[in-house]
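For reference, the structure is listed below as structure tokens.
Protein chains: 2
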Amino acid sequence: MSGTPTLHAGAAPLAYGERMPTIADVAREAGVAPSTVSYVLSGKRTISAETRARVEAGIARLGYRPNAGARALASASTKIVGLVVPLRTDVNVPVIMQFVAAITVECRRHDYDVLLLTRDEGPEAVSRVVQGSMADAIIVMDVEADEPRLESLRGTGFPVVLIGVPDSPGEFACVDLDFAAAAQLCVERLAELGHTHISLLGATPAVYDRGTSYALRFRAGFEEASRSLGVSGSVHAVGAGHHEVESVVDRLLREEPEVTGLVVHNEAALSPLLQALRVCGHEVPGGMSVVALCPDDIAETQAVPLDAVSIPANDVGRRAVELAMSQLRGEAVEQELLPPHLTVRGSAVPPRRG
Amino acid sequence: MSGTPTLHAGAAPLAYGERMPTIADVAREAGVAPSTVSYVLSGKRTISAETRARVEAGIARLGYRPNAGARALASASTKIVGLVVPLRTDVNVPVIMQFVAAITVECRRHDYDVLLLTRDEGPEAVSRVVQGSMADAIIVMDVEADEPRLESLRGTGFPVVLIGVPDSPGEFACVDLDFAAAAQLCVERLAELGHTHISLLGATPAVYDRGTSYALRFRAGFEEASRSLGVSGSVHAVGAGHHEVESVVDRLLREEPEVTGLVVHNEAALSPLLQALRVCGHEVPGGMSVVALCPDDIAETQAVPLDAVSIPANDVGRRAVELAMSQLRGEAVEQELLPPHLTVRGSAVPPRRG
DNA sequence: GGAAGTTGTCGAAGCGCTTCGACTGTGACA
DNA sequence: TGTCACAGTCGAAGCGCTTCGACAACTTCC
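Here the protein sequences line up with chains A and B, keeping their order.
Counted the way the working numbering counts, the first sequence spans residues 19 to 372.
Counted the way the working numbering counts, the second sequence spans residues 19 to 372.
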């Protein structure tokens with residue numbers, strides 16, 4: 019119907035169900051072929067400034083957005099990253115949230131969206147997403163030493179990034195804080211101040227039982243550092259809840275009165291721990307030195323600001339996404355441990371002469 | 019090439035990049051038409067038991083999974099729910115995580131996956147997902163009184179469920195705990211015990227400034243209940259961190275010494291609050307009665323187990339998904355406030371005679 | 001014993017996009 | 001002035017699935 023003037027409602031909010039504008043509509047609107055619109059959008063072929071302007075005007079006028087499914091089908095790329103998150107309401111939920119936030123933000127920067135997968139769904143979720151082509155890459159948090167969710171992906175070359183390091187990472191990209199080095203830093207700090215008896219108060223027993231990668235690596239680093247620095251050390255898992263913490267503290271002070279320094283790897287236990295120590299007459303730092311592994315904001319807002327190795331959730335999350343993107347570009351798989359940093363805030367001092 | 023025997027590798031893990039089996043492959047394998055395979059999968063037409071068996075065997079042998087993009091394109095349904103989550107590392111992160119977990123699990127029960135959207139992305143994220151047909155429905159957490167993210171959806175009929183209640187929900191489905199009734203329950207509990215001066219220690223100031231729906235409704239309910247029960251009440255926002263909490267407690271005890279009961283709507287403040295009260299000689303419950311609004315596990319693991327109205331994250335999350343599903347079935351939009359329940363654990367007792 | 005269902009299957013037409021090859025001008029170069 | 005290269009555009013062929021209409025082959029029922 020050339021010659022017939024076309025009326026347009028402008029980019030008025032189109033009612034749902036009302037047919038969304040397609041690339042063909044835009045093409046008609048701009049007087050070009052659909053493929054030309056596609057090339058304007060993707061930039062994969064040169065387009066004259068004039069044509070581009072007309073197409074862009076059409077897009078704006080119609081309020082056009084490419085259909086994600088059609089795009090995925092035609093291009094074999096979904097622009098979606100699958101993220102396997104531990105959703106159990108465990109101890110370190112805020113930390114997990116920081117990771118998720120960092121990953122999501124970074125994905126958006128690369129024009130990717132995030133599909134949420136729970137680790138409780140197990141291996142099934144991963145293969146559903148991969149085999150159904152629902153995502154272009156997968157990031158797995160809270161990796162265990164022996165990682166069952168990934169068996170189906172071994173040898174497939176599908177882009178995977180692990181946050182944490184399993185026993186045999188093999189072909190998978192990994193990124194995480196260097197927890198072993200972090201533990202060493204904590205022990206060193208206390209040892210330098212003159213402490214010779216140091217205990218690790220760790221995560222809940224379940225975390226160790228499950229073989230959670232980072233907890234094991236921190237514990238191993240603690241034991242290794244204690245040995246090499248010649249200090250005596252003990253390790254205690256700490257359950258959730260005020261009374262759990264109190265009972266661990268009671269037992270520790272009773273059975274190992276020589277302990278003057280604590281390394282704490284359990285965000286949730288920090289606050290009740292400080293309180294329990296105070297009640298028992300071992301106020302921090304005078305009666306007990308404490309070095310923690312926790313996010314900065316938690317270390318800062320305790321009753322006593324804590325010397326702590328921070329958990330660089332933002333850096334790790336960002337790096338994880340970058341590793342995924344580099345695999346999508348076909349680059350080689352990397353494994354990367356971020357160096358720890360300890361911030362001194364005053365919760366560790368030389369031990370009382372005894 | 020009929021007559022040529024076909025060799026199959028079985029459901030061996032197919033290398034990524036190696037062409038995934040399609041519905042046509044399954045059809046060939048089973049000796050039927052592709053549409054027949056589709057009908058076996060969807061159950062939308064009757065299929066003989068024999069044919070079904072052959073098709074299912076083919077699916078198993080090839081390890082076939084329908085391609086999500088193709089399916090979305092052809093059926094105009096993605097089997098994905100968009101979930102807008104507040105990812106700021108705010109106070110009540112564990113609670114948010116509970117909601118997310120409940121929603122995700124319930125979505126999976128309905129064979130839906132969850133696309134994670136951050137509220138920091140604002141309205142853009144919502145329209146990207148809706149207009150790009152990336153999801154069939156959207157659930158929005160952490161709704162504000164004046165909800166800007168949803169303007170683009172008004173009048174479109176796109177399925178939306180809000181967790182929380184904005185000033186003008188209009189056409190949108192809503193579900194949440196009845197925070198006003200919850201506040202009333204807390205005040206009633208203290209009033210029945212004989213308290214006549216009650217303070218609300220609430221969320222961080224930012225939460226109120228932002229107009230967060232649930233915080234405002236709780237505060238309004240508190241004020242209304244205080245008035246109607248004839249008790250005097252005051253309201254204090256409480257910032258994050260130990261020292262913030264201490265300073266609020268100091269000021270409260272100094273400026274309103276008549277207060278004998280506290281209603282606390284701030285999970286993160288609970289532990290430092292109890293500690294601060296003890297330090298000031300107002301041990302709970304003898305020197306100060308406390309009723310909280312928080313998840314059960316938090317109430318239980320405090321130094322003093324708390325009388326608390328629980329936050330039924332699981333129920334709300336599940337209900338939100340159900341409301342989304344019912345909209346997808348074309349049913350009417352509902353708005354629903356869940357009744358609060360108070361569990362007595364001993365942190366509130368009659369005030370000292372004074 | 002033919003009309004009128006049922007039941008089970010097939011073929012083909014899309015869904016909205018990307019991408020490949022082909023085609024038309026145009027300017028550069030010899 | 002003929003030849004090449006290249007910028008700019010188009011048309012058509014899929015991507016893998018769903019779904020509609022058609023159509024055999026059986027049943028049923030008067």
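Just so it is clear, CB atoms sit at the ideal spot from N, CA and C, and this is done for glycine as well.
All values reported here derive from a predicted model rather than from experimental measurement.
Discussion item. Tell me which residue opens and which closes the alpha helix (DSSP H) that Q320(A) is part of.
Written reply: Translated into the one-based positions of the first sequence, residue 320(A) becomes position 302. No alpha helix (DSSP H) contains Q320(A), which DSSP labels as neither H nor E.
Practice prompt. For C125(A), I'd like the list of residues in its chain whose CB is within less than 6 Å of its CB, leaving aside the five on either flank, ordered along the chain.
Written response: The residue given as residue 125(A) occupies position 107 in the first sequence. Excluding positions up to five away in sequence, the list reads V99, V132 and V339.
Practice prompt. Alpha carbon to alpha carbon, how far is L101(B) from L105(A)? Give it in angstroms, no decimals.
Written response: Stepping through the first sequence from its first residue, residue 105(A) is reached at position 87. Stepping through the second sequence from its first residue, residue 101(B) is reached at position 83. Each residue's alpha carbon lies about 15 Å from the other.
Worksheet item: Does G28(A) have its Cβ less than 8 Å from a Cβ in chain B?
Response: Walking along the first sequence from the start, residue 28(A) turns up at place 10. A caution first: G28(A) carries a pLDDT of 42, below 50, which makes its placement in the model too unreliable to give a value.
Worksheet entry | Partners in chain B for P187(A), counting only beta-carbon separations shorter than 9 Å | The count along the first sequence starts at 1 and reaches residue 187(A) at position 169. Residues of chain B passing the Cβ test: none, with the nearest at roughly 18 Å.
Worksheet item: Hey, would you say S328(B) sits closer than 8 Å to V367(B), going by beta carbons?
Response: Position 310 of the second sequence, counting from 1, holds the residue named residue 328(B). Position 349 of the second sequence, counting from 1, holds the residue named residue 367(B). Result no, Cβ atoms of S328(B) and V367(B) do not sit closer than 8 Å.
Fill in: Strand pairing of S217(B), partner residues [DSSP]
Within the second sequence, residue 217(B) is the residue found at index 199, counting from 1. Bridge partners of S217(B): S252(B) and L280(B).
Item to complete: With 8 Å as the C-beta to C-beta threshold (strictly closer), list the residues of the stretch 318 to 335 of chain A near chain B in chain order.
Response: E318, T319, Q320 and A321
Worksheet entry | Distance between beta carbons of T222(A) and A258(A), contact taken as under 8 Å | Counting from 1 along the first sequence, the entry for residue 258(A) is found at position 240. Counting from 1 along the first sequence, the entry for residue 222(A) is found at position 204. Indeed, because the Cβ distance is near 6 Å, the residues count as touching under 8 Å.
Discussion item. If you follow the alpha helix (DSSP H) that D333(A) is in, where does it begin and where does it stop?
Written reply: Here the question's residue 333(A) lines up with position 315 in the first sequence. Per DSSP, D333(A) belongs to the alpha helix (DSSP H) from A331 to L346.
Worksheet item: Exposed or buried, what is G173(B) when buried is set at 16 or more other beta-carbons lying within 10 Å of its beta-carbon?
Response: Locating residue 173(B) in the second sequence gives position 155, counting from the first residue. G173(B) comes out exposed.
Fill in: For S374(A), the first and last residue of its enclosing alpha helix (DSSP H)
No statement about residue 374(A) is possible, as the shown extent of chain A runs from 19 to 372 and does not include it.
Discussion item. For a quick check, are the C-beta atoms of V302(A) and L311(A) less than 8 Å apart?
Written reply: Position 284 of the first sequence holds residue 302(A). Position 293 of the first sequence holds residue 311(A). Not in contact: V302(A) and L311(A) (Cβ atoms no closer than 8 Å).
Worksheet item: Looking at chain A, which residues of the stretch 281 to 297 of chain B have a Cβ within less than 8 Å of any of its Cβ atoms?
Response: S289, P290 and Q293
Discussion item. Give me the subset of the stretch 85 to 97 of chain A whose CB atoms are less than 7 Å from a CB atom of chain B, sorted by chain position.
Written reply: N85, A86, G87, A88, A90, L91 and T96
Practice prompt. Kindly indicate if chain B contains any beta-carbon less than 8 Å away from that of A45(A).
Written response: Numbered from its first residue, the first sequence carries residue 45(A) at position 27. Output row for A45(A): interface = no.
Worksheet item: So, helix, strand or coil for L25(A), using DSSP?
Response: Taking the first residue of the first sequence as position 1, residue 25(A) is located at position 7. Unreliable positioning characterises L25(A) in this predicted model, as indicated by a pLDDT of 33, which lies under 50. The coordinate reading is nonetheless provided below. If DSSP states are grouped into helix, strand and coil, L25(A) belongs with coil.
Practice prompt. Answer with yes or no whether the minimum CB distance from D131(A) to chain B is below 8 Å.
Written response: Your numbering for residue 131(A) matches position 113 in the first sequence. Judged by the 8 Å Cβ criterion, D131(A) is in contact with chain B.
Worksheet item: What are the boundary residues of the alpha helix (DSSP H) that includes D268(B)?
Response: The residue labelled residue 268(B) in the question sits at position 250 within the second sequence. Run containing D268(B): H260 to E273, per the alpha helix (DSSP H) assignment.
Worksheet entry | DSSP-derived helix/strand/coil call for A310(B) | Residue 310(B) sits at position 292 when you count from the first residue of the second sequence. It is a strand residue.
Worksheet item: Taking any Cβ of chain A, which residues in the stretch 102 to 117 of chain B have a Cβ under 7 Å from it, in chain order?
Response: L105, T107, V111, P112, M115 and Q116
Fill in: Reference S151(B), options D43(A), Q202(A), Y82(A) and L295(A), closest by Cα
For the purposes of this step, residue 151(B) is identified with residue 133 of the second sequence, where counting begins at 1. That would be Y82(A), whose Cα lies nearest to the Cα of S151(B).
Item to complete: List the residues of chain A whose Cβ lies closer than 7 Å to the Cβ of H260(B), in chain order.
Response: Sequence index remark: in the second sequence, residue 260(B) carries index 242 (1-based). Result: T319, Q320 and A321.
Worksheet item: Whose C-alpha, out of V179(B), C192(B), E241(B) and N332(B), is nearest the C-alpha of C204(B)?
Response: For this step, residue 204(B) is matched to residue 186 along the second sequence. Closest by alpha carbon: E241(B).
Worksheet entry | N-terminal and C-terminal residue of the beta strand (DSSP E) that T136(B) is part of | Along the second sequence, read from residue 1 onward, the residue named residue 136(B) stands at position 118. Here the beta strand (DSSP E) through T136(B) covers D131 to T136.
Fill in: Start-end ranges of the alpha helix (DSSP H) lying completely within the stretch 154 to 185 of chain B, minimum 4 residues
none
Discussion item. Rounded to whole angstroms, what is the Cα-Cα separation between S250(B) and I121(B)?
Written reply: Stepping through the second sequence from its first residue, residue 250(B) is reached at position 232. Stepping through the second sequence from its first residue, residue 121(B) is reached at position 103. The straight-line gap from Cα to Cα measures roughly 39 Å.
Practice prompt. Return the residue from the list R46(B), H261(B), E47(B) and A71(B) that minimises the CA-CA distance to V58(B).
Written response: Here residue 58(B) refers to the residue found at position 40 when the second sequence is read from its first residue. Ranking the options by Cα distance to V58(B), first place goes to A71(B).
Worksheet item: Under a three-way DSSP split, which group does L288(B) fall into?
Response: Here residue 288(B) is taken as the residue at index 270 of the second sequence, counted from 1. Three-state DSSP puts L288(B) in a helix.
Fill in: Cβ shell of V161(A) (< 6 Å), same chain only, five flanking positions each side left out
Start at 1 with the first residue of the first sequence, and residue 161(A) comes out as number 143. Excluding sequence neighbours, V161(A) sits near L180, G182, P184 and S231.
Practice prompt. Determine the contact status of L135(A) and S217(A), defining contact as a CB-CB distance below 8 Å.
Written response: As a working note, residue 135(A) is residue 117 in the first sequence. As a working note, residue 217(A) is residue 199 in the first sequence. Result no, Cβ atoms of L135(A) and S217(A) do not sit closer than 8 Å.
Practice prompt. Return helix, strand or coil for V98(B), following the three-state DSSP convention.
Written response: Your numbering for residue 98(B) matches position 80 in the second sequence. Checking the displayed sequence, the identity of residue 98(B) turns out to be Ile instead of Val. Looking at I98(B) - three-state DSSP - the assignment turns out to be strand.
Discussion item. Three Cβ pairs or more, each shorter than 8 Å: is that satisfied between the stretch 138 to 153 of chain A and the stretch 344 to 364 of chain A?
Written reply: no
Worksheet item: Looking only at C-alpha atoms, which of E318(A), V351(A) and V266(A) sits nearest to C298(A)?
Response: Taking the first residue of the first sequence as 1, we reach residue 298(A) at position 280. Comparing Cα positions, the closest option is V266(A).
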